[in-house]
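The C-terminal residue of the sequence shown carries number 281 in the UniProt record's numbering, and the numbering is unbroken.
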Amino acid sequence: MRSLALISLLVLPGCFYPADRGRALEAKVDRLGADTAQIQTELKEAREQLAAALPLIDEKVAEVTKALKGLDTAARRKDADIGVQFQKTVEDLAQLRGQVETYLHKITELETALAAQDQKLIAMQGEAALKEAEAKRKAEELKRPTDKKEFLALAKEKAKAGDVILARQLYNEFMKKWAKDPLVGDAHFGLGETYFTESKCREALFEYGKVLQDFPKAESAPESYLRSSDCFAQLKMKEESRLALEELIKSYPKSPEAKTAKDRIAELDKPKTPPAKKGKK
1 MRSLALISLL VLPGCFYPAD RGRALEAKVD RLGADTAQIQ TELKEAREQL
51 AAALPLIDEK VAEVTKALKG LDTAARRKDA DIGVQFQKTV EDLAQLRGQV
101 ETYLHKITEL ETALAAQDQK LIAMQGEAAL KEAEAKRKAE ELKRPTDKKE
151 FLALAKEKAK AGDVILARQL YNEFMKKWAK DPLVGDAHFG LGETYFTESK
201 CREALFEYGK VLQDFPKAES APESYLRSSD CFAQLKMKEE SRLALEELIK
251 SYPKSPEAKT AKDRIAELDK PKTPPAKKGK K
């Protein structure tokens with residue numbers, strides 16, 4: 001029962017902080033996102049209108065060329081209709097040219113507005129959003145291995161190099177691509193490690209909890225208990241920190257991590273020496 005309670009605590013990060021945290025910011029971001037979506041829709045429509053107008057421009061140019069050739073023989077043919085046709089074609093061409101200029105102006109305005117919206121969103125979300133955008137750009141350029149072990153190794157390599165946001169994207173991609181593979185447990189652990197290195201213990205605990213709950217046979221399961229103990233300690237949750245160590249010893253008694261857990265518990269159980277009293281003057 002204690003083990004079940006511990007794992008439940010790990011995989012329910014909402015227990016650690018209020019549910020309404022950040023709702024005001026989320027609402028602003030949602031509104032900004034809706035405005036951005038509207039601009040993107042208008043931009044798409046303007047580009048489609050421009051794309052539809054360009055062939056008409058070519059068609060009218062061809063008509064003008066034909067009319068000019070007709071004017072060369074107008075004196076001989078005495079065809080007064082050629083001049084009228086030419087004038088109408090020129091007017092149509094001017095009208096189409098005006099439409100194209102309008103579309104181009106609108107596209108420029110919309111692109112400027114879209115860039116401004118992106119800057120607002122980044123400013124609202126702070127430096128983290130800027131890093132997220134940069135990581136997304138890197139992720140788009142990065143070549144992914146087709147082999148699952150190599151893919152996981154790439155994510156670990158990026159995390160080790162300090163590129164944790166990119167590593168998180170890769171770990172999440174791995175879990176979607178190989179959702180039923182046992183290695184997903186190690187991907188959860190790796191994801192937890194990226195949060196642990198930034199002292200984001202609540203997020204890290206959730207990932208470690210997923211390992212212990214869904215992938216108890218994963219190679220990283222014993223260390224997930226050990227890391228969970230570290231996280232609980234940082235959160236000043238001493239009882240839970242000790243419980244994670246005890247469950248590690250119980251569940252994986254022969255693992256190197258179990259030995260570490262025993263040493264830590266022994267350290268915790270040492271009687272604390274009271275501070276020496278200062279002698280009276």
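Virtual Cβ for every residue (Gly too), placed ideally from N, Cα, C.
Exposure label - residue i; buried when at least 16 CB within 10 Å
i: Glu247; result: buried
i: Glu91; result: exposed
i: Thr194; result: buried
i: Gly162; result: exposed
i: Arg76; result: In this prediction, Arg76 has a pLDDT of 49, which is less than 50 and means its spatial position is unreliable; what the coordinates show is noted afterwards. Exposed: under 16 other Cβ atoms inside 10 Å.
i: Glu257; result: buried
i: Glu267; result: exposed
i: Ala159; result: buried
i: Gln169; result: buried
i: Lys210; result: buried
i: Ala94; result: exposed
i: Lys272; result: exposed
For residue j and residue i, the rounded distance between their alpha carbons
i: Gln99; j: Gln38; result: 22 Å
i: Leu104; j: Leu50; result: 8 Å
i: Ala204; j: Leu166; result: 16 Å
i: Glu207; j: Ser228; result: 10 Å
i: Phe215; j: Pro222; result: 11 Å
i: Leu154; j: Ala46; result: 41 Å
i: Glu219; j: Asp186; result: 7 Å
i: Val164; j: Lys143; result: 17 Å
i: Val184; j: Thr146; result: 16 Å
i: Lys180; j: Phe151; result: 15 Å
i: Lys262; j: Leu114; result: 57 Å
Boundaries (first-last residue) of the alpha helix (DSSP H) holding residue i
i: Ala204; result: 201–214
i: Gly185; result: 184–196
i: Leu152; result: 148–160
i: Ala261; result: 256–269
i: Lys272; result: Segment: none, Lys272 is in no alpha helix (DSSP H) and carries neither H nor E.
i: Ala244; result: 238–251
i: Arg144; result: Arg144 -> no alpha helix (DSSP H), and no H or E assigned at all.
i: Leu235; result: From DSSP, Leu235 is part of no alpha helix (DSSP H); its letter is neither H nor E.
i: Lys177; result: 164–177
Of the listed residues the options, nearest to residue i (C-alpha basis)
i: Gly192; options: Met175, Thr108, Asp263, Ser224; result: Ser224
i: Leu110; options: Val211, Gln40, Ser229; result: Gln40
i: Asp269; options: Ser251, Pro253, Arg242; result: Arg242
i: Lys148; options: Lys254, Ser255, Asn172; result: Asn172
i: Lys44; options: Lys106, Gln95, Lys88, Arg97; result: Lys106
i: Phe196; options: Lys238, Phe232, Glu141; result: Phe232
i: Lys217; options: Ala115, Glu239, Ser251, Thr112; result: Ser251
Closer than 8 Å to chain D by CB, residue i
i: Ser251; result: Of the chains in the structure shown, none is chain D; there is only one protein chain.
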